[in-house]
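In my numbering, the protein residues as written are 3 to 278.
Here it is, written out as structure tokens:
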């Protein structure tokens with residue numbers, strides 16, 4: 003059951019470190035900024051384009067860096083779904099299998115959580131999924147596929163008030179999950195080219211999950227064949243023991259010592275013999 007004020011990732015787990023954005027269903031990490039186009043502006047994305055200094059002495063420019071939000075609605079209605087993966091609510095008979103596979107996928111793919119997003123143009127209407135790839139530059143990210151959003155309006159802290167208009171929410175380029183009644187309006191303005199496709203990490207996770215499912219099936223088949231082979235072996239051993247017993251009985255009968263015949267009584271001379 004969805005609880006208002008509680009933030010959720012795409013797979014239904016709670017985003018405990020995120021803070022709800024007022025007047026929207028989105029949630030952003032503490033320190034990030036809620037935007038009117040339902041993204042979270044990263045704390046290192048300085049509006050004046052200044053650099054971010056790190057303890058190792060290096061400085062980097064994170065202008066244009068955003069983050070995908072979590073959502074106060076478990077089904078992600080009214081929240082951005084670009085660059086993230088999720089698990090649907092499966093039928094009860096499949097739920098356990100899906101949960102096991104998701105545990106395996108979570109070890110290699112955490113895109114059900116929020117993901118970094120780079121802005122790809124000065125108007126802040128074109129974005130790309132960073133997919134948490136180390137060393138992926140803004141240029142490389144934008145060259146691998148983009149999706150469109152309306153430009154963010156006035157943004158405020160995740161813990162402060164934010165005014166996000168309904169018109170901005172309804173034109174989120176098909177990257178926003180909407181109810182059935184508003185899906186037609188959203189699809190009419192959808193221009194996303196990559197938001198509807200799975201991220202490389204998600205594709206890899208699905209591939210490994212499918213392989214894991216195949217391995218599980220193979221193991222079950224192997225166990226079944228092994229059980230049948232064991233039963234056949236036991237049955238064959240019983241038949242072999244029975245045959246051996248019959249052979250031994252036959253051999254004993256063949257080599258049994260001959261029994262003595264009863265002695266005939268002494269025959270007396272016949273009448274003819276006495277007469278002669």
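All C-beta atoms, glycine included, are put in the ideal place defined by N, C-alpha and C.
Minimum C-alpha distance to residue i - residue among the options
i           : options               : result
residue 41  : 147, 54 and 128       : 128
residue 73  : 56, 222 and 15        : 15
residue 155 : 149, 27 and 35        : 35
residue 32  : 216, 9 and 53         : 9
residue 139 : 57, 124 and 63        : 63
residue 142 : 20, 57 and 122        : 122
residue 125 : 227, 65 and 117       : 65
residue 84  : 28, 226 and 117       : 117
residue 77  : 228, 229, 28 and 39   : 28
residue 82  : 146, 115, 145 and 215 : 115
Per-residue burial, residue i [other beta carbons within 10 Å of its own, 16 or more giving buried]
i           : result
residue 17  : buried
residue 61  : exposed
residue 149 : buried
residue 221 : exposed
residue 43  : buried
residue 12  : buried
residue 20  : buried
residue 151 : buried
residue 57  : exposed
residue 231 : exposed
Terminal residues of the beta strand (DSSP E) in which residue i lies
i           : result
residue 130 : 128-131
residue 30  : 28-31
residue 22  : 20-22
residue 119 : 118-121
residue 11  : Here residue 11 belongs to no beta strand (DSSP E), and DSSP marks it neither H nor E.
residue 69  : 67-69
Range covered by the alpha helix (DSSP H) that runs through residue i
i           : result
residue 143 : 140-144
Whole-number beta carbon distance between residue j and residue i, since they are thought to touch under 8 angstroms
i           : j          : result
residue 119 : residue 70 : 6 angstroms
residue 46  : residue 67 : 6 angstroms
residue 26  : residue 80 : 7 angstroms
residue 7   : residue 22 : 6 angstroms
residue 153 : residue 39 : 7 angstroms
For residue i: DSSP bridge partner residues
i           : result
residue 149 : 129
residue 54  : 62
residue 16  : 10
residue 72  : 29
residue 43  : 35 and 68
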